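> Below is one structure. I have some questions about it.
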Amino acid sequence: MASLVAYDDSDSEAEAEPAGSVNAPGHMKDASGVATSPRQDFTSGIMDVTNEGAQGTEHGPHEDPGEHRLPLVRLWRRDPGSCPSQRLQWPVKEPEVTFPTSEPSRPSSLWTCCAPAGHMPLAAARLKQVRLSWESPEPSFCSPNRSEATGKNAISFQRKRCEDCVVPYTPKRLRQLQAFSTETGQKKDVELQSPSSGCAPAPLCVTPRVSELIQPYLNSQCRETRVPRTVLFHLRGHRGPVNSIQWCPVPSRSHMLLSTSMDKTFKVWNAVDSGRCLQTYSLHREAVRAARWSPCGGRILSGGFDFALHLTDLETGTQLFSGRSDFRITTLKFHPKDHSIFLCGGFSSEIKAWDIRTGKVVRGYKATIQQTLDILFLQEGSEFLSSTDASTRDSADRTIIAWDFRTSAKISNQIFHERYTCPSLALHPREPVFLAQTNGNYLALFSAMWPYRMSRRRRYEGHKVEGYAVGCECSPCGDLLVTGSADGRVLMFSFRTASRACTLQGHTQACVGTTYHPVLPSVLGTCSWGGDIKIWHSQ
Numbered sequence: 001m002a003s004l005v006a007y008d009d010s011d012s013e014a015e016a017e018p019a020g021s022v023n024a025p026g027h028m029k030d031a032s033g034v035a036t037s038p039r040q041d042f043t044s045g046i047m048d049v050t051n052e053g054a055q056g057t058e059h060g061p062h063e064d065p066g067e068h069r070l071p072l073v074r075l076w077r078r079d080p081g082s083c084p085s086q087r088l089q090w091p092v093k094e095p096e097v098t099f100p101t102s103e104p105s106r107p108s109s110l111w112t113c114c115a116p117a118g119h120m121p122l123a124a125a126r127l128k129q130v131r132l133s134w135e136s137p138e139p140s141f142c143s144p145n146r147s148e149a150t151g152k153n154a155i156s157f158q159r160k161r162c163e164d165c166v167v168p169y170t171p172k173r174l175r176q177l178q179a180f181s182t183e184t185g186q187k188k189d190v191e192l193q194s195p196s197s198g199c200a201p202a203p204l205c206v207t208p209r210v211s212e213l214i215q216p217y218l219n220s221q222c223r224e225t226r227v228p229r230t231v232l233f234h235l236r237g238h239r240g241p242v243n244s245i246q247w248c249p250v251p252s253r254s255h256m257l258l259s260t261s262m263d264k265t266f267k268v269w270n271a272v273d274s275g276r277c278l279q280t281y282s283l284h285r286e287a288v289r290a291a292r293w294s295p296c297g298g299r300i301l302s303g304g305f306d307f308a309l310h311l312t313d314l315e316t317g318t319q320l321f322s323g324r325s326d327f328r329i330t331t332l333k334f335h336p337k338d339h340s341i342f343l344c345g346g347f348s349s350e351i352k353a354w355d356i357r358t359g360k361v362v363r364g365y366k367a368t369i370q371q372t373l374d375i376l377f378l379q380e381g382s383e384f385l386s387s388t389d390a391s392t393r394d395s396a397d398r399t400i401i402a403w404d405f406r407t408s409a410k411i412s413n414q415i416f417h418e419r420y421t422c423p424s425l426a427l428h429p430r431e432p433v434f435l436a437q438t439n440g441n442y443l444a445l446f447s448a449m450w451p452y453r454m455s456r457r458r459r460y461e462g463h464k465v466e467g468y469a470v471g472c473e474c475s476p477c478g479d480l481l482v483t484g485s486a487d488g489r490v491l492m493f494s495f496r497t498a499s500r501a502c503t504l505q506g507h508t509q510a511c512v513g514t515t516y517h518p519v520l521p522s523v524l525g526t527c528s529w530g531g532d533i534k535i536w537h538s539q
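Residue numbers for the sequence shown follow the UniProt record's numbering, beginning at 1 and rising by one.
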């Protein structure tokens, strides 16, 4: 019943205050007009209630004075903004609240406050004001605990608010790493910088002498390719699928084999003499989809899914050129005449020509496509073909596009009229024709001269593609064709008759890359989606 009387007294402005009235913030005066401090003993408030009950108020004579909540009623009366009946009416002049400039000791936390020491957010200031008004009439033994709790709440608000008033989300894994680095005093960078920003790869130790196996074939003009049937080396070292392999184009250095992988690296192997890895290059942050030997045989151009391009010198281990594309890179090709220019294609509607000397894009070839699968130069570099992912239900318009290199004009886009995409292209070494690997599980033969007609008589089939980027290639003499298969097999065909010459059970997973050695007539390299490389030869 004491609380009901207090509500009636607080709502009525005309009634006299029997117990006391508010004189100033933090002071009260009793009925005799003497100002008292809120820090007086708590029993004085109880005696006032007892006296009022004796003078005829609604309190019963047998009630315990200690159970009354009248000090809280007096608090509501002295602060109209906190009164339940006047919650929407804030005082005209808010009391000034000062905070200590020295920040109290706090436990270690993952949140870091960006505000100055004397700065207090608006929400925390409001909370501080309300809690101060409730703390003043409480006994002295409770005030230190409440002030400490209020300080902790204010600090927690400061820590959780950034400069833009938005709390950023930090994954649990990063929070654990930050906490560990705070405890140990070490700073760990979680893949925020490219591996290329560190030390350069070590120089590749290339033996000055020519391999004893290659030396007898350097001056030979007629080299008839024999069908390889025996595994010479089984190279294991990649931790992901191997995308492509390529022999060094210089005959005296053709014992080196370049391989690219989805494990963000590309490797150089001695695949003729020892079968060991000569060097591993970790220059990319994502999968390395394409890498090519330079025509001089001393540099490697690489591009990956991290949009980065690197030209690495093997003798010094330094990067002669570094660029950044605006799309993920899937294919790279050097110009056959001007070795300072290369074409770059990938997950974009445009193919770009880069100049290594300036490090800039010098030309662009744009079509209404989404991805470039492969690039093939024709006519000594004056023209080139691009294989794309564009196909329709009835015809594959723009599946293979012929471009003029100098003018960036389209020569033809009506070359392949079937509804299959072509993941790889290969040029015949002696005749003006080229091969296209199709997702229809066959190799198509085209003329390398305009209008690039497809041969209806010869079709090389029997393998499976099934969406893999299965490569194909011609032997150096041009008599054999080799292709991989999605079931792991390696198939060789006769170029003239389109009959199958040999089938090798090469890999347990899809065989995506095949290449003949440019000098040795019976050496073949294959790679698979399982991450292994095999070198084949004939006994």
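Note that CB positions come from ideal geometry on N, CA and C, so glycine has one too. Computed from a prediction, not measured in an experiment: that's the story for all the values here.
Restricting to Cα atoms, I'd like to know which of E431, S447, G462 and K464 is closest to R456.
If we check each option's Cα against that of R456, S447 comes out closest.
> What are the boundary residues of the beta strand (DSSP E) that T230 is part of?
Taken as a continuous stretch (DSSP letters only), the beta strand (DSSP E) holding T230 covers T230 to R236.
> Consult DSSP for residue 618 and reduce its assignment to one of helix, strand or coil.
What the structure shows of the chain is the stretch from 1 to 539, and residue 618 is not part of that stretch, so it cannot be assessed.
> Taking all protein chains shown into account, decide if G118 is buried (16 or more other Cβ within 10 angstroms of its Cβ) or exposed.
Any reading at G118 must be qualified, since the residue scores a pLDDT of 47, below 50, and its modelled position is unreliable; the value itself is stated next. So G118 counts as exposed.
> G56 by DSSP, collapsed to three states: which one?
In this predicted model, G56 has a pLDDT of only 43, less than 50, meaning its place in the structure is not dependable enough to derive any value.
> Does the Cβ of D338 have 16 or more other Cβ atoms within 10 Å, making it buried, or fewer, making it exposed?
Exposed: under 16 other Cβ atoms inside 10 Å.
> How long is the line joining the alpha carbons of L314 and L204, rounded to whole angstroms?
Rounded to the nearest angstrom, the two C-alpha atoms are 5 Å apart.
> Go ahead and pull the three-state DSSP assignment for S252.
It is helical.
> Is Q414 helix, strand or coil by DSSP?
Reduced to three states, the DSSP call for Q414 is coil.
> Taking S325 as the reference, give the member of G303, V482 and A287 with the closest Cα.
When each option's Cα is compared against that of S325, the closest is G303.
> Inspect the CB distances between the stretch 222-233 and the stretch 503-522 and report whether three or more fall short of 8 Å.
As far as the Cβ criterion goes, the stretch 222-233 touches the stretch 503-522, which means the pair count is three or higher.
> Mind checking whether P295 and F334 have CB atoms under 9 Å apart?
Contact flag set, yes.
> Do you know offhand how far R361's Cα is from E380's?
With the sequence shown as reference, residue 361 is identified as Val, and Arg is not the correct amino acid for it. Taking the straight line joining both Cα atoms gives about 21 Å.
> Is the Cβ-Cβ distance between F405 and A353 less than 9 Å?
Yes, these two residues count as a Cβ contact at 9 Å.
> Which residue marks the beginning of the beta strand (DSSP E) containing I351, and which one marks its end?
Segment E350 to D355, the beta strand (DSSP E) holding I351.
> Can you list, in chain order, the residues of its chain whose CB lies under 8 Å from that of H537, leaving out five sequence neighbours each side?
Within the same chain, H537 has close Cβ partners P228, T230, L232, L520, S522, V523 and L524.
> Going residue by residue through the stretch 285-358, where are the continuous beta strand (DSSP E) segments of at least 3 residues, counting only ones entirely within it?
You should have 288-293, 299-304, 308-313, 319-324, 329-334, 341-346 and 350-355.
> Please report the distance separating the alpha-carbon of I214 from that of W269.
Spanning the two alpha carbons is a distance of roughly 16 Å.
> Roughly how many whole angstroms lie between the Cα atoms of D506 and V482?
A small correction: the amino acid at residue 506 is Gly; Asp does not occupy that position in the sequence shown. Distance between the alpha carbons of G506 and V482 is about 13 Å.
> By the three-class DSSP mapping on this structure, what secondary structure does Q509 have?
Reduced to three states, the DSSP call for Q509 is coil.
> Return the chain-ordered list of same chain residues with a C-beta closer than 6 Å to the C-beta of S252, the five sequence neighbours on each side being excluded.
Contacts found: V210.
> Buried or exposed for D374, please, with buried defined as at least 16 other CB atoms from any protein chain shown within 10 angstroms of its CB.
Flag for D374 reads buried.
> Span of the beta strand (DSSP E) holding H537?
D532 to H537 is the span of the beta strand (DSSP E), which, as asked, contains H537.
> Less than 9 Å between the beta carbons of R328 and I369, yes or no?
No, these two residues do not count as a Cβ contact at 9 Å.
> Can the beta-carbon of F434 be found closer than 9 Å to that of A426?
In this structure, A426 lies closer than 9 Å to F434 by Cβ.
> Counting only the same chain and skipping the five closest in sequence on each side, list residues whose C-beta sits under 7 Å from that of Y442.
Cβ neighbours of Y442 beyond the five flanking positions: R459, Y460 and E461.
> Under a three-way DSSP split, which group does Q215 fall into?
It is helical.
> Could you tell me if R489 is buried or exposed, where buried requires 16 or more neighbouring beta carbons within 10 angstroms of its beta carbon?
When all chains shown are included, R489 counts as buried.
> With DSSP as the reference, label M492 as helix, strand or coil.
Looking at M492 - three-state DSSP - the assignment turns out to be strand.
> If you follow the beta strand (DSSP E) that I245 is in, where does it begin and where does it stop?
First-last of the beta strand (DSSP E) with I245: V242 to W247.
> Return the chain-ordered list of same chain residues with a C-beta closer than 7 Å to the C-beta of R363, the five sequence neighbours on each side being excluded.
Contacts found: A353 and S408.
> Leaving aside the five residues before and after T438 along the sequence, list all residues of the same chain whose C-beta is less than 6 Å from its C-beta, in chain order.
Result list for T438: Y420, C422 and A444, in chain order.
> Could you name the residues of the same chain whose beta carbon sits closer than 6 Å to that of S244, not counting the 5 residues immediately before and after it, in chain order?
So the list reads T260 and G513, once near-sequence residues are dropped.
> Whole angstroms are fine: how far does the CA of D273 sit from the CA of G531?
Spanning the two alpha carbons is a distance of roughly 21 Å.
> Can L235 and A271 be called in contact, C-beta distance under 9 Å?
Yes, the Cβ-Cβ distance between L235 and A271 is below 9 Å.
> Candidates L309, S499, Y468 and Y365: which alpha carbon is nearest G440's?
The candidate whose alpha carbon is nearest that of G440 is Y468.
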